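Residue 10 in my numbering sits at position 7 of the sequence shown, with consecutive numbering throughout. Glycine residues also receive a C-beta, built at the ideal position from the N, C-alpha and C atoms. The structure displayed is predicted, hence computed values, not measured ones. Note sheet for the following structure.
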Amino acid sequence: MTVIRAKDYDDMSAKAANLIFAQIIMKPDSVLGLPTGSTVLGLYGRLRDYYWKGDLDFSRVRTFCLDEYVGLDGDNRQSFGYYMNKHLFDHINIEDGNAHLPDGLAADLEEECERYNDLIESLGGVDVQVLGLGGNGHIGFNEPGDYFKKSTHLVNLDESTISANARFFKSIDEVPREAITVGVGNILSAKKIILCVSGEQKADILRQVLTGNVTPQVPASILQFHPDCIVVADEDALKNIPAD
Ligand code: GLP
């Protein structure tokens, strides 16, 4: 893994945005896997700015979202569909048909997981998978467990994830208990992975991800095996990793 040390949150956002900027310039029809969460808000802000300034064109870019809660519709402010529209898609020239999301309201959720998995495969290869890091080491919603789940699947969210995400809901009881997430195999199939991490509260888990054993108990640790994984993290998140 290549670790890029950023000074702070803004610097992390700028560095990650510039990597994606370069990707889209090099390949205008890039396939990007995109996460939600607080960590990538600054990155999405910078991509919006690049578009507004006329420096980036998203008209041929294809994206798929990593995950979605079960049971929230796209108008629900806490759904990941709402998040992606609000923070990115409503502000750039991406074609509706090119921005994909799992449907957390599908009547048959297992079938929806298969459909979404096939869809990702039909995009012809993922160029860049952008990731945030859960406080328990999750990527997408691949929670700690006994084994890595390869393909898109239905997941029962960890108690720690429910508590961490309760900050976005009126009460913890409103946080969905289930989600659809792409699998670790989908993530690893990307040609390039950009893992964004910010803040002291992620320092311990980031140390485990970068230097610990590869284990499904720390799902992001599998990224050690990826041939082109770039970790863009700020000094606070890297405080347990000595600089060279
Ligand atoms: C969320 C999402 C992940 C995200 C992670 C970190 O629950 N499922 O895709 O990367 O947790 O979130 P944050 O950036 O808010 O810490």
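Residue range of the unbroken beta strand (DSSP E) whose run includes residue i
{"i": "Lys195", "result": "Lys195 to Val200"}
{"i": "Phe67", "result": "Arg65 to Cys68"}
{"i": "Ile233", "result": "Cys232 to Asp237"}
{"i": "Ala9", "result": "Thr5 to Ala9"}
Identity of the residue in the options nearest residue i by Cα
{"i": "Ser62", "options": "Asp99, Arg8, Glu203 and Gly40", "result": "Asp99"}
{"i": "Gly137", "options": "Ser201, Val129 and His94", "result": "Ser201"}
{"i": "Lys195", "options": "Gln227, His90, Arg170 and Ser174", "result": "Gln227"}
{"i": "Gly84", "options": "His94, Cys116 and His103", "result": "His103"}
{"i": "Gly188", "options": "His156, Asn21 and Glu181", "result": "His156"}
{"i": "Gly140", "options": "Asp161, Gln132 and Lys153", "result": "Asp161"}
{"i": "Asn79", "options": "Ser224, Lys173, Ala223 and Val217", "result": "Lys173"}
{"i": "Ile233", "options": "Leu134, Ala246, Asp70 and Glu71", "result": "Leu134"}
{"i": "Arg65", "options": "Lys242, Gln220, Arg118 and Leu122", "result": "Leu122"}
{"i": "Pro245", "options": "Arg49, Gln220, Asp231 and Leu209", "result": "Leu209"}
{"i": "Val131", "options": "Trp55, Ala17, Glu114 and Cys68", "result": "Cys68"}
{"i": "Ala182", "options": "Glu124, Cys116 and Asp207", "result": "Cys116"}
{"i": "Leu91", "options": "Asp52, Ser125, Val6 and Gly57", "result": "Asp52"}
{"i": "Gly107", "options": "Phe144, Gly77, Ile27 and Pro147", "result": "Gly77"}
{"i": "Asp93", "options": "Leu50, Arg118 and Ala110", "result": "Leu50"}
{"i": "Pro31", "options": "Lys205, Phe171 and Ile97", "result": "Ile97"}
{"i": "Leu44", "options": "Val129, Leu191, Ala19 and Ile142", "result": "Ala19"}
{"i": "Ile190", "options": "Met29, Ala17 and Pro38", "result": "Pro38"}
{"i": "Tyr12", "options": "Gly36, Thr42 and Val6", "result": "Thr42"}
{"i": "Ala33", "options": "Tyr54, Leu126, Ala17 and Arg118", "result": "Reading off the sequence, residue 33 comes out as Ser, not Ala. Ranking the options by Cα distance to Ser33, first place goes to Leu126."}
Which residues DSSP lists as bridging residue i, in chain order
{"i": "Glu113", "result": "Answer is none; Glu113 lacks a bridge partner."}
{"i": "Val34", "result": "Arg65"}
{"i": "Glu71", "result": "Ile183"}
{"i": "Gln132", "result": "Gly36 and Ile196"}
{"i": "Val158", "result": "Ala182"}
{"i": "Ile225", "result": "DSSP, once it has assigned bridges, lists no residue as partnering Ile225."}
{"i": "Asn145", "result": "Ile142"}
{"i": "Thr218", "result": "Val221"}
{"i": "Ala102", "result": "Thr66"}
Residue interval of the alpha helix (DSSP H) (run including residue i)
{"i": "Arg210", "result": "Ala206 to Thr214"}
{"i": "Leu46", "result": "Leu44 to Trp55"}
{"i": "Gln26", "result": "Tyr12 to Met29"}
{"i": "His90", "result": "Phe83 to His90"}
Proximity test, residue i beta-carbon vs the ligand GDP heavy atom, cut-off 6 angstroms
{"i": "Gly188", "result": "No copy of the ligand GDP occurs in the structure displayed; its ligands are the ligand GLP alone."}
Heavy atom of the ligand GLP within 6 angstroms of residue i beta-carbon
{"i": "Leu69", "result": "yes"}
{"i": "Ser41", "result": "yes"}
{"i": "Phe144", "result": "yes"}
{"i": "Pro38", "result": "yes"}
{"i": "Gly135", "result": "yes"}
Residue-level contact to chain C via CB, residue i, 7 angstroms cutoff
{"i": "Arg118", "result": "Among the protein chains of the structure shown there is no chain C, as only one such chain exists."}
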